[in-house]
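Here the sequence shown is numbered in the working numbering, starting from 65 and rising by one per residue. Note that CB positions come from ideal geometry on N, CA and C, so glycine has one too. Here's the structure we're looking at; comments come further down.
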Amino acid sequence: MAFYRQAGTIPPKRHTQFRDDDGKLFYEELMGDEGFSSDSSLLYHRGIPSAIVDATVWEIPDVTTVPNHPLTPRHLKLHDLFANDDPATIDVVTGRRLILGNNDVRLSYVVAAAPSPLYRNALGDEMVYIESGEATVETVFGTLEAKQGDYVLIPTSTTHRWLPHGEEPLRAYAIESNSHIVPPKRYLSRFGQFLENAPFCERDLVGPGEIPVGEGTDVEVLVKHRTSHGIVGTRFVYAEHPFDVVGWDGCLYPFTFNVSNFEPITGRVHQPPPVHQAFEGNNFVICNFVPRKADYHPLSVPVPYYHSNVDSDEVMFYCGGNYEARKGSGIDIGSISVHPGGHAHGPQPGGVERSLGVEYLEELAVMVDTFAPLELGRAAFACEDESYAYSWVTKSEVKA
65 MAFYRQAGTI PPKRHTQFRD DDGKLFYEEL MGDEGFSSDS SLLYHRGIPS
115 AIVDATVWEI PDVTTVPNHP LTPRHLKLHD LFANDDPATI DVVTGRRLIL
165 GNNDVRLSYV VAAAPSPLYR NALGDEMVYI ESGEATVETV FGTLEAKQGD
215 YVLIPTSTTH RWLPHGEEPL RAYAIESNSH IVPPKRYLSR FGQFLENAPF
265 CERDLVGPGE IPVGEGTDVE VLVKHRTSHG IVGTRFVYAE HPFDVVGWDG
315 CLYPFTFNVS NFEPITGRVH QPPPVHQAFE GNNFVICNFV PRKADYHPLS
365 VPVPYYHSNV DSDEVMFYCG GNYEARKGSG IDIGSISVHP GGHAHGPQPG
415 GVERSLGVEY LEELAVMVDT FAPLELGRAA FACEDESYAY SWVTKSEVKA
């Protein structure tokens, strides 16, 4: 997505000498995707960005998973996870609890009010959805203000930290990719501009503001990365603070996008899930189900038809409103439904009949569809409603 920005002070030509008022050189850093072959930005540091004085093991939060076997649809009640914890002792980075994951993407949840450490994810981009609360996100590119309904996109290897504020803790749903997260190609021109048929555009993306200034020496940064044995962490100690950037320019940077700016695509009959897509990564997509006019054919059925996820697992995070198709299942705000490939699913009993004649759908949900099976993290078992798999039948029909 070639959307150029610049901030702070930069030289008139790249890769040339750039000095401060005392004649000292600034240090140019290229951050680029796909080995110099895709979007990039140039950042100008006061200090050498490679200068570390120590590197030790960081024991990352648990990322172990187990297969969804026997194959079962799941209902996970995320608000149960941190019900007995003090958010003031939890931060957005180290406090995440893994719900679901595979080799392409990991889905975590956290309720936090403490400032996070400086952090860099070297595995891939992170897309963090803010269910509620507010936070300032300081990055080497500048400061983002995140609020309810915001997606916060952090490009891979961007040093940043989360600073929750306000009267309530931050509730965040983290989508951690092993790739880059971008808008669907079908919504972009061959030059990277959003097309007229896209459900959002460049002006809906809020880029970073003022570049934060960090001071001090021997500054710790937590880095998540991979080895041949899996995902691991390293605790770097930098000679100088990484927030020493005086300016940058390019097409790679963090941004926020509020789900209220997603314009739904509707039709006379029920539209398939791809019309709700907002972003994609390698082997997964991110979709928004937002309040919208219901299907308007005189014989339309507004709720989804029963469908089999032949090639994907479907994960729906319910963030607001009323979800007509799931009434009677126990699903509520803060719930996640997991409908795995190989299982046909659709409205709960009576859902189709109740939806007939509905003219408007008051629902808000974030959906992640993966094209490789998802496994269950330890946190999934801590908040599961085990009766959900059998919610399409009466109790008398369920085998003991």
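Residue i and residue j closer than 7 Å at C-beta
{"i": "residue 156", "j": "residue 236", "result": "yes"}
{"i": "residue 168", "j": "residue 381", "result": "no"}
{"i": "residue 145", "j": "residue 443", "result": "yes"}
{"i": "residue 140", "j": "residue 447", "result": "yes"}
{"i": "residue 283", "j": "residue 117", "result": "no"}
{"i": "residue 321", "j": "residue 259", "result": "no"}
{"i": "residue 290", "j": "residue 187", "result": "yes"}
{"i": "residue 248", "j": "residue 344", "result": "yes"}
{"i": "residue 172", "j": "residue 226", "result": "no"}
{"i": "residue 189", "j": "residue 104", "result": "no"}
{"i": "residue 131", "j": "residue 403", "result": "no"}
{"i": "residue 170", "j": "residue 162", "result": "yes"}
{"i": "residue 244", "j": "residue 279", "result": "no"}
{"i": "residue 158", "j": "residue 441", "result": "no"}
{"i": "residue 466", "j": "residue 151", "result": "This structure leaves residue 466 out entirely; the chain is present only between 65 and 464."}
{"i": "residue 325", "j": "residue 264", "result": "yes"}
{"i": "residue 350", "j": "residue 285", "result": "no"}
{"i": "residue 271", "j": "residue 232", "result": "no"}
{"i": "residue 67", "j": "residue 274", "result": "no"}
{"i": "residue 361", "j": "residue 352", "result": "no"}
{"i": "residue 191", "j": "residue 164", "result": "no"}
{"i": "residue 406", "j": "residue 135", "result": "yes"}
Local conformation of residue i per DSSP, three classes
{"i": "residue 246", "result": "strand"}
{"i": "residue 142", "result": "helix"}
{"i": "residue 339", "result": "helix"}
{"i": "residue 153", "result": "helix"}
{"i": "residue 172", "result": "strand"}
{"i": "residue 417", "result": "helix"}
{"i": "residue 455", "result": "coil"}
{"i": "residue 251", "result": "helix"}
{"i": "residue 84", "result": "coil"}
{"i": "residue 347", "result": "coil"}
{"i": "residue 267", "result": "helix"}
{"i": "residue 199", "result": "strand"}
{"i": "residue 352", "result": "strand"}
{"i": "residue 389", "result": "helix"}
Limits of the alpha helix (DSSP H) - the one that residue i falls within
{"i": "residue 445", "result": "442–446"}
Residue i, enclosing beta strand (DSSP E) - first and last residue
{"i": "residue 161", "result": "161–165"}
{"i": "residue 237", "result": "234–241"}
{"i": "residue 322", "result": "319–322"}
{"i": "residue 196", "result": "190–196"}
{"i": "residue 123", "result": "Premise fails: residue 123 is in no beta strand (DSSP E) and is neither H nor E."}
{"i": "residue 259", "result": "Here residue 259 belongs to no beta strand (DSSP E), and DSSP marks it neither H nor E."}
{"i": "residue 218", "result": "214–218"}
{"i": "residue 279", "result": "First-last for residue 279: undefined, no H or E at that position."}
{"i": "residue 96", "result": "91–96"}
{"i": "residue 434", "result": "427–434"}
{"i": "residue 187", "result": "Segment: none, residue 187 is in no beta strand (DSSP E) and carries neither H nor E."}
{"i": "residue 225", "result": "224–229"}
{"i": "residue 412", "result": "Segment: none, residue 412 is in no beta strand (DSSP E) and carries neither H nor E."}
{"i": "residue 100", "result": "First-last for residue 100: undefined, no H or E at that position."}
{"i": "residue 330", "result": "Counting along the chain, residue 330 falls outside any beta strand (DSSP E), and DSSP gives it neither H nor E."}
{"i": "residue 403", "result": "399–403"}
{"i": "residue 295", "result": "294–304"}
{"i": "residue 72", "result": "69–72"}
{"i": "residue 108", "result": "104–109"}
Anticipated Cβ contact below 8 Å, residue i with residue j, distance rounded
{"i": "residue 412", "j": "residue 372", "result": "About 17 Å separates the two Cβ atoms, so there is no contact after all."}
{"i": "residue 194", "j": "residue 210", "result": "5 Å"}
{"i": "residue 200", "j": "residue 229", "result": "7 Å"}
{"i": "residue 77", "j": "residue 185", "result": "So it is not a contact: roughly 32 Å between Cβ atoms."}
{"i": "residue 383", "j": "residue 400", "result": "With 8 Å as the limit, residue 383 and residue 400 do not qualify as a contact, their Cβ atoms being about 10 Å apart."}
{"i": "residue 391", "j": "residue 418", "result": "7 Å"}
{"i": "residue 127", "j": "residue 239", "result": "That pair is no contact at about 14 Å."}
{"i": "residue 369", "j": "residue 410", "result": "6 Å"}
{"i": "residue 449", "j": "residue 394", "result": "6 Å"}
{"i": "residue 84", "j": "residue 90", "result": "7 Å"}
Beta carbon proximity, residue i to chain C, threshold 7 Å
{"i": "residue 98", "result": "Within the model displayed, chain C is absent; a lone protein chain is all it includes."}
Do the segment 105–121 and the segment 293–310 meet, that is, are 3 or more Cβ pairs less than 8 Å apart?
Segments in contact, yes.
Contact between the segment 314–328 and the segment 204–222 (3+ Cβ pairs under 8 Å):
Verdict: yes, contact present.
Is it the case that the segment 430–439 contacts the segment 361–381, given that we only count it when at least three CB pairs across the two stretches are under 8 Å?
Short answer: they touch.
Stretch pair the segment 113–123 + the segment 423–433: three plus CB contacts closer than 8 Å:
Taking 8 Å as the limit for Cβ pairs, the verdict is that the segment 423–433 does not touch the segment 113–123.
Between the segment 358–370 and the segment 331–338, do three or more beta carbon pairs fall short of 8 Å?
By the criterion of at least three beta-carbon pairs nearer than 8 Å, the segment 358–370 is in contact with the segment 331–338.
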